[in-house]
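For reference, the structure discussed in these notes is given below.
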Amino acid sequence: MTFLNFNLDQDLLEGLDVMGFTKPTPIQEQAIPLILEQKDLIACAQTGTGKTAAYLLPVINHLIHQERDKINTLILAPTRELAIQIDQQMIGFSYYTPLSSICIYGGGDGSSFDREKVALTKGADVIIATPGRLITHLNLGYVKFDKLQHFVLDEADRMLDMGFYEDIMRIVSYLPKKRQNLLFSATMPPKIRKLAKEILQDPEEINIAMTKPAAGIAQAVFLVYDKQKLPLIEYILKAKPVKRILIFCARKKTVKEIEQDLRKLNFDVGAIHSDLEQSERENVLRSFKNNQTPVLVATDILSRGIDVEDIELVINYDVPNDAEDYVHRIGRTARADTKGAAFTFVSEKEMFQFAQIEKLLEITVTKVKLPAQIGEGPVYNKDTARKKSFKNRGREKR
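Every number in my numbering is 3 more than the matching position in the sequence shown, counting from 1.
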């Protein structure tokens, strides 16, 4: 099957061709026909499966043939990074069409707010926004969604995890009752079912490859003491040149420390965390994408909403909080049927936590012997791990 099978507009097909899209992914193959039929949809698929294109393409196709004097489509995303990524794909797909879009998120200056106000009052075809920033505009009274036809919630589970439920429902109250609703999520817990029931009308449902890491990811665990984590990163970075490495940490304090330590060791490294201004984040991410900075250290702010090709290695400096976070982190590599590696550093107090991830994912990740230069690590013991996990629970700020 190719994108030609969907009978999309020729201008849209040209944009797809320029971007190198030829064969739809499973989520695109199933979702695009349903969205073209104007049906409400709840779709669950893991990170990196092409969910953004799955809703953008049919929405753009519909927009091409509509009168374009009002806001037609609203897409909500949980983070600035994901909103920017969606907007970039929107620009690429619609390059040969007359459609317009704007990305609305917090952290900008006064001029960016003014540009957003102009788009919201004069009418851009597609608004891509984070909930908080959009509500700021709604509170000022000039936003009109009376002609809106499509409402998309992307990474809906993440939005609820971040406490956006009330914001989402408030935004929904401004929308016309007759509209197409599309909810995309990486997981489908009960709270997502509840949200879908409140927003969607008789939706179709798609579930694809839930909570399973991509087959192309070679996973490995290093059992370490905390003091061995940084020397192990240094060893890995020196052992074999890698085009792009993404290191995830649970806390922004740890991100800053690793960035400083690696700079002292003369590695080209960047960092992204919540203390940075949006322009600073964009500059760091751009440098990473352009191969100017081969190593990027980040909090889970980048576990979703970053689409960078050829990330060869993901390192979990800390064990993530749950299985879904683990899947999203390591899903930054081996995207689009490529191959990559994911290493997780597991200390004594994190063993039980990682064992729970393995249990939920129904996998056993290979435990790799530490290099001789690093020394001996702790012995894996689930009973000891369980005790340490409960002993340390709640003591550390994340």
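Just so you know, even glycine gets a beta-carbon here, dropped at the ideal spot from N, CA and C.
Here the structure is a predicted model, which is why all the values come from computation and not from measurement.
#### Entry: Exposure label - residue 35; buried when at least 16 CB within 10 Å
Label assigned to residue 35: buried.
### Message
As a quick exercise: from 326, 379, 331 and 360, pick the residue whose alpha carbon is nearest that of residue 232.
### Response
Residue 379 is the option with its Cα nearest to residue 232.
### Query
Based on Cα-Cα distance, which residue from 48, 72 and 356 lies nearest to residue 2?
The question about residue 2 has no answer here: the residues shown for the chain are numbered 4 through 401.
#### Entry: For residue 75, three-class secondary structure by DSSP
DSSP places residue 75 in coil when its eight states are reduced to three.
### Query
For residue 104, which beta-bridge partners are listed by DSSP?
129
### Message
Using 7 Å as the threshold, is the C-beta distance between residue 192 and residue 45 below it?
### Response
no
#### Entry: alpha helix (DSSP H) segments (min. 4 residues) lying fully within the region 338–366
354–364
### Query
From residue 277 to residue 354, what distance separates their C-alpha atoms?
27 Å
### Query
Around the Cβ of residue 64, are there at least 16 other Cβ atoms within 10 angstroms (buried) or fewer (exposed)?
buried
### When 115, 15, 128 and 81 are compared against residue 56, the one with the closest alpha-carbon
15
### Message
Just to confirm my understanding: we take residue 237, look at its own chain, exclude 5 residues before and 5 after, and list those with CB closer than 7 Å. What are they?
### Response
268
### Message
residue 258 and residue 1 - do their beta-carbons sit closer together than 7 Å?
### Response
Residue 1 lies beyond the range of the chain shown here (4 to 401); nothing can be said about it.
### Query
Between 383, 377, 375 and 169, which lies nearest to residue 367 when the distance is taken from Cα to Cα?
383
### Spatial neighbours of residue 265 in its chain, beta-carbon cut-off 8 Å, leaving aside the 5 residues before and after
236, 237, 240, 272, 298 and 300
### Task
Would you list the one or two residues that DSSP bridges to residue 370?
Listed as beta-bridge partners of residue 370 by DSSP are 224.
### Endpoints, the alpha helix (DSSP H) within which residue 57 is located
54–67
### Query
Helix, strand or coil: how does DSSP classify residue 276 here?
Three-state result, residue 276: coil.
### Query
Going straight from the alpha carbon of residue 190 to that of residue 270, what length do you get?
For residue 190 and residue 270, the distance between alpha carbons rounds to 36 Å.
### Message
Let's test the definition: count the other Cβ atoms within 10 Å of the Cβ of residue 293 and tell me whether it reaches 16, buried, or not, exposed.
### Response
exposed
### Task
Go ahead and pull the three-state DSSP assignment for residue 188.
Correct three-state label for residue 188: strand.
### Query
Nearest-angstrom Cα distance between residue 72 and residue 128?
8 Å
### Alpha-carbon spacing of residue 22 relative to residue 321, whole angstroms
35 Å
### Query
Can you tell me where the alpha helix (DSSP H) with residue 85 in it begins and where it stops?
Counting along the chain, the unbroken alpha helix (DSSP H) around residue 85 starts and ends at 83–96.
### Task
Express the C-alpha separation of residue 234 and residue 377 in angstroms, rounding to a whole number.
7 Å
### Message
Less than 7 Å between the C-beta atoms of residue 151 and residue 179, yes or no?
### Response
yes
### Task
Using DSSP bridges, identify the partner residues of residue 137.
None, per the DSSP bridge assignment.
### Query
Where does residue 293 sit, in a helix, a strand or coil, going by DSSP?
If DSSP states are grouped into helix, strand and coil, residue 293 belongs with coil.
### Task
Spell out the partners DSSP gives residue 183 in its beta bridges.
153
### In DSSP terms, what residue 319 is bridged to
251 and 347
### Query
Which same chain residues, not among the five before or five after residue 371, have their C-beta less than 7 Å away from its C-beta?
Around residue 371: 223, 224 and 225.
### Query
For residue 52, which residues of its own chain have a beta-carbon under 8 Å away from its beta-carbon, when the five flanking residues on both sides are left out?
The residues are 28, 29, 30, 211 and 212.
### Message
For the alpha helix (DSSP H) containing residue 333, name the first residue and the last one.
### Response
Residue 333 -> alpha helix (DSSP H) spans 326–333.
### Task
Assess, as a yes-or-no matter, whether the region 162–181 is touched by the region 74–91 under the definition of 3 or more beta carbon pairs within less than 8 Å.
yes
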